[in-house]
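In the working numbering, the protein residues as written are 2 to 86.
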């Protein structure tokens, strides 16, 4: 079995890894009813958007652009129930 090399893990400059971590944080904080979850979502989608551009995936670019708008809109409309993140 081939060893996993760093160049394979960072093939897309880590945009996929950053996007994954930020989206997981987004889901976690929105589940905890924290408004900052939407900010993590916007940045996570930005990372996935960059990934989509690097891989030339039109569907990924369109989907993540839409998700970014939805996250921004969620942040704007959210009535914070708990202070801070």
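Note that beta-carbon positions come from the ideal geometry of N, C-alpha and C, so glycine has one too.
Limits of the unbroken alpha helix (DSSP H) element including residue i
i: residue 77; result: 59-78
Residue i to residue j span [Cα, whole Å]
i: residue 40; j: residue 28; result: 11 angstroms
i: residue 78; j: residue 5; result: 43 angstroms
i: residue 43; j: residue 68; result: 8 angstroms
i: residue 21; j: residue 59; result: 19 angstroms
i: residue 24; j: residue 12; result: 20 angstroms
i: residue 45; j: residue 26; result: 9 angstroms
Residue i classed as buried or exposed, judged by whether at least 16 other C-beta atoms fall within 10 angstroms
i: residue 8; result: exposed
i: residue 10; result: exposed
i: residue 50; result: buried
i: residue 74; result: exposed
i: residue 32; result: exposed
Where residue i falls: helix, strand or coil (DSSP)
i: residue 86; result: coil
Length-filtered (3 minimum) beta strand (DSSP E) runs lying within the segment 6-58: As far as the segment 6-58 is concerned, it has no whole beta strand (DSSP E) run of at least 3 residues.
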